[in-house]
Amino acid sequence: MQFDDLMRRYFATPDLTEVTPAGLEAGIERCRVDLGLETDPGKRFALWSLLFMLGAAPDLDVAFENDDEREAARNFMDLMAASEAGGEG
């Protein structure tokens with residue numbers, strides 16, 4: 000899953016500045032539903048990551064069944080936090 004493809008699928012554009020508040024809410028809800036239905040671990044991780052970046056991800060113990068998946072998600076969270084910290088200054 001490519002990021003731009005996910006953005007187009009859930010928000011009809013790769014640019015969030017073009018999405019209305021209602022469109023953002025609807026796209027997040029569709030993404031949450033797909034996360035709940037998806038069985039492929041890689042696709043689940045991609046969906047969760049998108050939701051995380053939008054501030055709408057479910058807790059790790061809800062989203063991921065095993066410790067390896069939860070650890071990968073924690074690593075992603077740490078990388079995102081480090082990139083945000085690196086942008087300040």
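So for the sequence shown, numbering that gives the first Met the number 0 puts the first residue at 0; every next one is plus one. Beta carbons are placed, not taken as given, at the ideal position from N, Cα and C, and that holds for glycine. Just so you know, these numbers come straight off a predicted model, no measurement behind them.
Proximity below 8 Å, CB of residue i to CB of residue j
i          : j          : result
residue 51 : residue 71 : no
residue 25 : residue 47 : no
residue 15 : residue 30 : no
Residue-chain proximity (residue i, chain B), Cβ-Cβ < 8 Å
i          : result
residue 14 : In summary, chain B is missing from the structure at hand, where a single protein chain is found.
Minimum C-alpha distance to residue i - residue among the options
i          : options        : result
residue 23 : 5, 38, 40      : 5
residue 38 : 15, 12, 68, 11 : 68
For this session: Give, in chain order, every unbroken run of the alpha helix (DSSP H) that is at least 4 residues long and sits entirely within the stretch 5-68.
Result: 20-36, 40-52, 59-62
With a cut-off of 8 Å, do at least 3 Cβ pairs link the stretch 49-60 to the stretch 16-34?
yes
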